[in-house]
């Protein structure tokens, strides 16, 4: 796998060459310059006094900019190796903002088994603005190329995909997109910048539901976007300011607090996820297991080329919707809930939760069966997680 100290660029040059673990703690705003406070101050202000109209202040109105939110935006830009970061009210607000770079008449090529909220945006909302989408299996570059139209303007990737964890070759798709002048966007929620930094592989805009692993504690809803260059950064800033879909200052602070422990959490999550995936694969009553860390996971070699780990999400198929519903009623450790990426384990049912917006026939075409569940492995002891699943599966068979 690649070296975890591979770095990007950031306005604070003295931070850019440090290892990732150090950047998580020392990101440029970790000490307040005016007071020496060890935490970014929460600037609970909607507007800012202008001391001189001839020399405008850096901040004038919090929708346009706020020091607390700016600290977070610089933080994620540093971690992803991009030029500018932007904090939105949710992951879907960040994704929607990125798609607002397009215009009526444009066409998008998108990963076929994309997150259900993104699918809903692309199929229910953007078509009313005359923006069309073709969904393709991005594990096959020839299918991506075949989807190109004269009005294609963007490619949207999600790798590993949600929830079947299919692997797209980021550099391959990004390189082809650049040859055709296409904008590339990638949802990096599952891997986080600790494991995967798409800008290093040619992606233009990286997106996160920061509600998940970056926040890490099921207590904040947030979205982040990072632009690879200044030109895109200026355009995204105009959209963020124009739409007003900003993250509030309290949530900005809370998200930064969570991000400081990202490395420690992701390493612990993954260690347990690998054990859980291996246990599930050996279980006689499990129909299929999806996890990039399994030796037989399709395109694992591609994932290892572009990512530094396998993540904390394990999807598996119990064989039927009825058995899955019994399983969900029997587990005792994980939350049975929407979302993922928290300190507590979360067991989700995509057919009725994350991908409920996707018609059943479309879900089935993409491997999202009625028996599929998605386990976001938390920080509980792995022996307890496995014991809990074992009893729940046994009860589900009765």
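Residue numbers (the working numbering): 11 to 408.
Cβ atoms here follow ideal geometry from the backbone N, Cα and C, with glycine treated the same way.
Residues of the same chain with a CB within less than 7 Å of the CB of residue 373, apart from the 5 flanking positions on each side, are 361 and 365 in chain order.
A Cβ-Cβ separation of about 6 Å places residue 343 in contact with residue 394 under the 8 Å criterion. For residue 110, the CB contacts under 6 Å within the same chain, skipping 5 residues up- and downstream, are 249 in chain order.
One Cα belongs to residue 237, the other to residue 40, and the distance between them is close to 22 Å. Residues of the same chain with a CB within less than 6 Å of the CB of residue 77, apart from the 5 flanking positions on each side, are 53 in chain order. In the displayed model, residue 215 falls within a strand according to three-state DSSP. Within the model, the alpha-carbon separation for residue 25 versus residue 56 is close to 30 Å. Beta-bridge partners of residue 195 (DSSP): 166 and 215.
Only residues of its own chain outside the window of five on either side were considered, and among them 119, 122, 153, 154 and 157 have a CB closer than 7 Å to the CB of residue 146, listed in chain order. Collapsing the DSSP output to three states places residue 384 in a strand. When DSSP states are grouped into helix, strand and coil, residue 61 belongs to the coil group.
Following the DSSP letters along the chain, one finds residue 85 inside the alpha helix (DSSP H) bounded by residues 77-90. In this structure, the alpha-carbon of residue 128 lies about 39 Å from that of residue 66.
Taking residue 389 as the centre and dropping the five residues before and after it, the same chain places the C-beta of 278 and 353 closer than 6 Å to its C-beta, in chain order.
Residue pairing of residue 233 in beta bridges, as defined by DSSP: 98 and 219. With distances taken between CA atoms, residue 241 lies nearest to 93 out of 93, 391, 48 and 34.
Of the residues 243, 35, 260 and 106, the one whose Cα lies closest to the Cα of residue 131 is 106. For residue 30, the enclosing alpha helix (DSSP H) stretches over residues 30-35. The beta carbon of residue 185 lies closer than 8 Å to those of 212 in the same chain, with the five residues before and after it left out. According to the DSSP secondary-structure assignment, residue 142 is paired through a beta bridge with 117.
Shown here for residue 61: same chain residues with a beta carbon closer than 8 Å to its own, the five before and five after excluded, namely 67 in chain order. DSSP, reduced to helix, strand and coil, places residue 296 outside both helices and strands of the structure shown, so it counts as coil. In the DSSP annotation of this structure, residue 70 is not part of any alpha helix (DSSP H), being labelled neither H nor E. For residue 102, the closest alpha carbon among the candidates 202, 34, 30 and 232 is that of 232. Rounded to the nearest whole angstrom, the C-alpha separation of residue 189 and residue 404 is 53 Å.
Residue 346 has 357 as its beta-bridge partners, per DSSP.
In this structure the segment 283-303 does not lie against the segment 248-267, because fewer than three pairs of beta carbons, one per stretch, are closer than 8 Å.
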